[in-house]
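Numbering (our numbering), first residue to last: 20 to 422.
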């Protein structure tokens, strides 16, 4: 570890290896700063690295509240985290003896919630929530932990039927809430406490990598009070590696960008992902089959780049290399085309740059504009429907690029 001097400089002695740089939560809270969501990745396997800059941002708003259980008793010592919707910054807090917390954030939209893997939340589930704040605002957000009302019970094995012990398996609700976790016992058994709703079950990526396996992504519809038992979760062994680089058009590597891969075997979906290091390099294990690879568009958009097309690679024993080149945004003005009037609605098409956000405004007199909504042009276009249009004698529209 290292300490910054009065100019913010630091110097850390490390071994030859690959590192991620993190910052003390306590130090950040004391100084009123937020860390970047993506931790800088440093490769010192060949030589030392200088000029590692970590951009922090000032807290400009506050979220506060309490965390209590279903009997309204406080839950102390529980860590909470917040991530802004632009995937730029991360905030953290811990509940005190009364279950209260305070979390400094920036203005904008955030997703906050407790980490359900906290030991103090064993047997409980807490749903995170989305909030939006303005500069200087203090917003109260309280959490109540609910006890699980059903269980997902099963066994993790390899393709030969042997149990895999010590694997972390996750279940997270499809409405975007926080995940719950369990660790397989000596027989590969797991027990995930959940509640009514739709849940996705998969292996925790770090644990899967340690065991050199890839787990399927399974979906379950849960009813309160009804357990789902005898889940046969079969993990595939890693037999090859896919690696490559994510670079810009000038061949410079792009760091902290996620690369995703998916494959289907016998009707079951498998997923892998990895984050690029400081050189733009990524790598993950796979098994023989056809894999679809894509790059995290939001990661690239935050760096000022559009999203490259996905690629398909067939793995048959040997390792494979798949590179991606991201083009910078050109800021080409969007176009509104294909106007169509239907009973009860007016529809048109927006064409722009893939991954950019566009705001749709409307007016009847070109003096006063009203915002109808903001959409992201995944794939470079989207259709917009105005159900209020038939109530106006005339209506004009414009698209505005949202930075």
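Where a beta carbon is used, it is the ideal one built from N, C-alpha and C, also for glycine.
Reduced DSSP secondary structure (H/G/I, E/B, other) of residue i
| i | result |
| --- | --- |
| residue 75 | coil |
| residue 56 | coil |
| residue 409 | helix |
| residue 140 | helix |
| residue 399 | helix |
| residue 233 | strand |
| residue 217 | strand |
| residue 420 | strand |
| residue 163 | strand |
| residue 363 | coil |
| residue 388 | coil |
| residue 254 | coil |
| residue 115 | coil |
| residue 185 | coil |
| residue 176 | strand |
| residue 358 | strand |
| residue 312 | strand |
Residue i, enclosing beta strand (DSSP E) - first and last residue
| i | result |
| --- | --- |
| residue 44 | No beta strand (DSSP E) holds residue 44; the alpha helix (DSSP H) holding it covers 44-50. |
| residue 98 | 98-103 |
| residue 210 | 208-213 |
| residue 264 | 259-267 |
| residue 152 | 148-152 |
| residue 119 | 119-124 |
| residue 292 | 287-294 |
| residue 345 | 343-345 |
| residue 81 | 80-87 |
| residue 279 | 277-284 |
| residue 20 | That residue, residue 20, is in no beta strand (DSSP E); it is neither H nor E in DSSP. |
| residue 426 | Past the boundaries of the shown model lies residue 426; the chain is included only from 20 to 422, so the question cannot be answered. |
| residue 200 | 199-202 |
| residue 379 | 376-382 |
| residue 324 | Neither: residue 324 is in no beta strand (DSSP E) and is coded neither H nor E. |
| residue 330 | 330-334 |
| residue 303 | 300-305 |
Cutoff 8 Å; reference residue i; Cβ partners in own chain excluding five residues on either side
| i | result |
| --- | --- |
| residue 400 | 368, 369, 370, 371 |
| residue 77 | 51, 52, 53, 125 |
| residue 23 | 29 |
| residue 293 | 277, 278, 301, 302, 303 |
Own chain partners of residue i with C-beta closer than 7 Å, once the 5 adjacent residues on each side are dropped
| i | result |
| --- | --- |
| residue 40 | 58, 59, 61, 71, 73 |
| residue 165 | 89, 143, 144, 214 |
| residue 208 | 174 |
| residue 363 | 406, 409 |
| residue 330 | 312, 341 |
Where the alpha helix (DSSP H) containing residue i begins and where it ends
| i | result |
| --- | --- |
| residue 225 | 224-230 |
| residue 317 | 316-321 |
Chain-order list of residues whose beta-carbon lies under 6 Å from that of residue i (same chain, five-residue window excluded)
| i | result |
| --- | --- |
| residue 151 | 128 |
| residue 235 | 287, 289 |
| residue 217 | 193, 240 |
| residue 132 | 147, 197 |
| residue 223 | 187, 189 |
| residue 100 | 111 |
Mind the definition here: the region 49-66 touches the region 24-38 only if three or more C-beta pairs lie below 8 Å; say whether that holds. Segment contact: the region 49-66 against the region 24-38, three or more CB-CB distances shorter than 8 Å; contact assigned.
Counting Cβ pairs, one atom from each stretch, are 3 or more of them under 8 Å apart for the region 161-173 and the region 208-215? Between the region 161-173 and the region 208-215 there are three or more inter-stretch CB-CB distances shorter than 8 Å, so the stretches are counted as touching.
Contact between the region 234-253 and the region 319-331 (3+ Cβ pairs under 8 Å): Result no; under three Cβ-Cβ pairs closer than 8 Å.
Would you call the region 380-389 and the region 413-421 in contact, with 3 or more CB pairs under 8 Å? At 8 Å Cβ cutoff, the stretches touch.
Would you call the region 148-162 in contact with the region 71-90, where contact means no fewer than 3 C-beta pairs closer than 8 Å? Short answer: they touch.
Under 8 Å: do the region 113-129 and the region 328-343 share three or more Cβ pairs, one atom per stretch? No, they do not touch.
Decide if the region 101-114 is in contact with the region 174-181; the criterion is three or more beta carbon pairs, one per stretch, under 8 Å apart. A contact between stretches requires three or more CB pairs, one per stretch, nearer than 8 Å, and the region 101-114 fails this requirement with the region 174-181.
Sufficient close CB pairs (3 or more, under 8 Å) joining the region 213-228 to the region 179-192: By the Cβ test, the region 213-228 is in contact with the region 179-192, since at least three Cβ pairs between them sit closer than 8 Å.
Below 8 Å, how does it come out for the region 288-302 and the region 268-280: are there three or more Cβ pairs, yes or no? Enough Cβ pairs lie closer than 8 Å, so yes.
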